[in-house]
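*Asks:* Below is the structure I would like to discuss, written out as structure tokens.
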Amino acid sequence: MTAEFATRAGLVTGAASGLGRATAIAFGEARARVVVADVDEAGGAETVRMVEAVGGQALFIRTDVTDAGQVEAMVGGCFAAYGSLDFAVNNAGTTGRGGRVGEYDLEDWRRTVSTNLDGVFHCLRAELPIMERAGRGAIVNVASGAGLVGFPGLPAYVASKHGVVGLTKAAALEYAAAGVRVNAVCPGSTRTAMLEGYMAQDPRVERMMVAGVPLGRLGLPDEIAAAILWLCSDAASFVVGHALAVDGGSVVQ
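Just so you know, we're using the working numbering here: the sequence shown kicks off at 805 and counts up by one.
Below you can see the structure in the form of structure tokens.
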């Protein structure tokens, strides 16, 4: 797989930490050229250093995915820097605040949906025309196990991630004939800083999450990154419009 990515370039949003960082590093290990996109400049710069340390090339572009103009500039910046856009991982997201639907704060709803769903749409809207013109490309949208099944207490997150899965399927059907593959990965509970912060609110939360995983543990960012790398590789050349659960068996129960 290293040989094929050594000639390829792409981007990872939300790459300043967690799953996005792990994914950018995985592409770096495969010798790809990667744009690291995030609003966190210090974290993004650290990810660039980590990608370069494992043999990849990386460039940080500060990007707020809720801003369509910034997304277009980021995607254009990737193409300008590397001359191609072979893969894209639309990962930036947030869990949002907890709460029941009937009492959920409107601003929290809008903020979460704007990041998780509008952000993916903005990315696809900028990425797909470039790949269509090239006649090739692979996109992975990061959804969630909560994009496949219901989950109480995080209505904006669940709704937005279901939206990502639906948007992935629509885009996949529209662009498959052009040689562009669009898929989604749906991670289960994974030890990222974002999840650690959520679990820290109540020690019972982690126990509840682990109890719901047949493998009996939470996932690791590297495990999700490996699935994303595979979906972007030639090994997945016949995989289109799929929402791949990487969750230790949680959603098949």
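Backbone N, C-alpha and C define an ideal beta-carbon position, used for all residues, glycine too.
(1) Rounded to whole angstroms, what is the Cα-Cα separation between C927 and V875?
(2) Tell me the residue span of the alpha helix (DSSP H) that contains G1001.
(3) Measuring only the C-alpha atoms, how far is N895 from L1035?
(4) Provide the residue span of the beta strand (DSSP E) that contains P933, from first to last.
(5) In this structure, what does DSSP give as the bridge partners for R985?
(6) Please state whether DSSP places G1020 in a helix, a strand or coil.
(7) Below 8 Å CB to CB, which residues in the same chain sit around R1021 once its five sequence neighbours on both sides are set aside?
(8) With 16 as the cutoff for other CB atoms within 10 Å, does G860 come out buried or exposed?
(9) I'd like to know whether the C-beta atoms of V893 and T827 end up nearer to each other than 9 Å.
(10) Comparing C-alpha positions only, which one of V946, L1019, F925 and V1044 sits nearest to Y979?
(11) How would you write the range of the alpha helix (DSSP H) that L1048 sits in, first residue to last?
(12) If you drop the 5 nearest sequence neighbours on each side, which residues of the same chain put their C-beta closer than 7 Å to that of G902?
(13) Once you ignore the five residues that flank G824 on each side, which residues in its own chain have a CB closer than 6 Å to its CB?
(14) Quick one: any contact between the region 846-864 and the region 904-916, if contact means 3 or more CB pairs under 8 Å?
*Replies:* A quick look at the data gives this:
(1) Locating residue 927 in the sequence shown gives position 123, where the first residue counts as 1. Locating residue 875 in the sequence shown gives position 71, where the first residue counts as 1. C927 and V875: Cα-Cα distance of roughly 6 Å.
(2) Residue 1001 sits at position 197 when you count from the first residue of the sequence shown. Going by DSSP, G1001 is part of the alpha helix (DSSP H) stretching over A997 to M1003.
(3) Taking the sequence shown and counting its residues from 1, the one referred to as residue 895 is at position 91. Taking the sequence shown and counting its residues from 1, the one referred to as residue 1035 is at position 231. Going by C-alpha positions, N895 is about 14 Å away from L1035.
(4) Your numbering for residue 933 matches position 129 in the sequence shown. Looking at the DSSP string, P933 is not in any beta strand (DSSP E); the run it does join, the alpha helix (DSSP H), is G923 to A938.
(5) By one-based count along the sequence shown, residue 985 stands at place 181. Bridge partners of R985: A942.
(6) The residue given as residue 1020 occupies position 216 in the sequence shown. Looking at G1020 - three-state DSSP - the assignment turns out to be coil, as it is neither helix nor strand.
(7) As a first step, residue 1021 must be located in the sequence shown, where it is residue number 217. Take R1021, set aside five residues on each side of it, and the residues of its chain with a beta-carbon closer than 8 Å to its own are V1014 and G1052, in chain order.
(8) Position 56 of the sequence shown, counted from the first residue, corresponds to residue 860. Within a 10 Å sphere around the beta-carbon of G860 sit 16 or more other beta-carbons, which makes this residue buried.
(9) Numbered from its first residue, the sequence shown carries residue 893 at position 89. Numbered from its first residue, the sequence shown carries residue 827 at position 23. Yes. Within cutoff.
(10) Within the sequence shown, numbered from 1, the residue matching residue 979 stands at position 175. Checked all of V946, L1019, F925 and V1044; the closest Cα to Y979 is V1044.
(11) Position 244 of the sequence shown holds residue 1048. Here L1048 belongs to no alpha helix (DSSP H); instead the beta strand (DSSP E) covers A1047 to V1050.
(12) Taking the sequence shown and counting its residues from 1, the one referred to as residue 902 is at position 98. Excluding sequence neighbours, G902 sits near G957 and L958.
(13) Locating residue 824 in the sequence shown gives position 20, where the first residue counts as 1. The beta carbon of G824 is closer than 6 Å to those of V816, G818 and N895 in its chain, skipping five residues each way along the sequence.
(14) The region 846-864 is not in contact with the region 904-916.
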